[in-house]
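Counted the way the working numbering counts, the sequence shown spans residues -11 to 235.
Okay, so here's the structure we're looking at.
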Amino acid sequence: MNATADTTDFVPGSPERRGFYERLRRFVLIAGNLFFALDVQGLANIPATGPVLVACNHMSFWDIPALALRPRRMFHYMAKSEYARNGFMRWLFTKLEAFFVDRGEGDMGAIRNALAVLKAGQVLAIYPEGHRSDDHALIPAHDGFTLIAFKGSAPVVPAAIWGSEDVGKGGRFLFRRPTIHIRYGPPITLVPSGKKYTKEDLAEATNLIMGTIATMLPPQYRGAYAAEAERLLAQPTRARGAGEVVS
């Protein structure tokens, strides 16, 4: 059975039921203080209403809860289908109103679910790289997230996270309390070059958004987008992280 089709009692795009989400968010905020500190900037860049796609780099499982701890809006995740194979993780992600995607297979069901979330005026969180790199530096992203942003007419909030790779490193929690740093950049509005977006538009949008994420990361994490980050940072008159994609 396709993992994206089985979301138990949650239908993407349905009215949000925030009870479980908020209780767990508050619990992790309190309990998480034992294991990590949070350094969060740019919360005001997340629009208070309307559809939003939050695109973030990926270093650790801890990126998932950390990204949503401080924002007041509910984040709906596109989670990898591997989580659906574990009974507890499947239950947990479903209760958090996430849905599953088969990575690298052009999962149209997941795209429909993502668009349903945005059409409902909700927040969708995506990790465009698809998986974590061995050295935690950025790796080339898949452009499916920009296709979703174009189709869903949603601004993209670039988010950068680092430090999460050190949480519980080597099995140590209580005697090592690293800081997870999170930066939310200004929303990026994607504009097609013509009446309809093209493959070139998707590629350009992906490069811009990932490059913008790279500008918010320390240099050692910029990886595949180091050159694009340098190009963006060299534009003093440009509001870093804000912009439109126009071919």
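Glycine included, each C-beta is placed from N, C-alpha and C at the ideal position.
Per DSSP, what kind of secondary structure is Tyr71 in: helix, strand or coil? helix
Range covered by the alpha helix (DSSP H) that runs through Ile99: 96 to 107
Are the stretch 92 to 111 and the stretch 54 to 70 touching by the rule of at least three beta carbon pairs closer than 8 Å? yes
Contact under 7 Å by Cβ, Pro116 with Ala43: yes
Hey, could you find the ends of the alpha helix (DSSP H) Ile34 is sitting in? For Ile34, no alpha helix (DSSP H) segment is defined, and its DSSP state is neither H nor E.
Would you call the CB atoms of Gln29 and Arg120 closer than 7 Å? No, these two residues do not count as a Cβ contact at 7 Å.
Taking all protein chains shown into account, decide if Thr186 is buried (16 or more other Cβ within 10 angstroms of its Cβ) or exposed. exposed
Between which two residues does the beta strand (DSSP E) containing Asp27 stretch? DSSP places Asp27 inside the beta strand (DSSP E), whose first and last residues are 25 to 29.
Which one or two residues does DSSP pair with Arg210 in a beta bridge? According to DSSP, Arg210 bridges with nothing at all.
So does the stretch 131 to 147 actually touch the stretch 187 to 205, counting three or more Cβ pairs closer than 8 Å? yes
Hey, is the stretch 126 to 135 in contact with the stretch 209 to 226, meaning 3+ C-beta pairs nearer than 8 Å? yes
Alpha carbons only, please: which of Ala54, Pro206, Phe49, Phe133 is nearest the one belonging to Val89? Phe133
If I follow the unbroken beta strand (DSSP E) through Ala113, where does it start and stop? 111 to 114
Please classify Thr237 as buried or exposed, where buried requires at least 16 other C-beta atoms within 10 Å of its C-beta. Shown here, the chain extends from -11 to 235; a query on residue 237 therefore has no answer.
When the distance is taken between beta carbons, is Val155 closer than 7 Å to Phe24? yes
Check Ala230 in the structure and name its three-state DSSP category. Low local confidence applies: a pLDDT of 39 at Ala230 is under 50, so the model's placement there is unreliable, and no value is given.
With DSSP collapsed to three states, give me the class of Thr203. helix
According to DSSP, is Asp189 part of a helix, a strand, or is it coil? helix
Out of His169, Leu31, Leu135, Glu85, which has the shortest C-alpha to C-alpha gap to Ser2? Residue nearest to Ser2 within the set His169, Leu31, Leu135, Glu85 is Glu85 (criterion: CA-CA distance).
Compute the distance between the beta-carbons of Asn195 and Glu216, then report whether it is under 7 Å. yes
With DSSP run on the structure shown, which of helix, strand or coil describes Ala(-7)? Reliability of the predicted coordinates at Ala(-7) is poor, the pLDDT of 41 falling under 50, and the value obtained from them is presented with this limitation in mind. In the structure shown, Ala(-7) sits in a helix (DSSP, three-state: H, G or I).
Name the DSSP bridge partner or partners of Arg171? According to DSSP, Arg171 bridges with Gln29, Ala148.
Please name the residue, chosen from Ala102, Glu4, Asp131, Glu153, that lies closest to Gly140 on a Cα-to-Cα basis. Ala102
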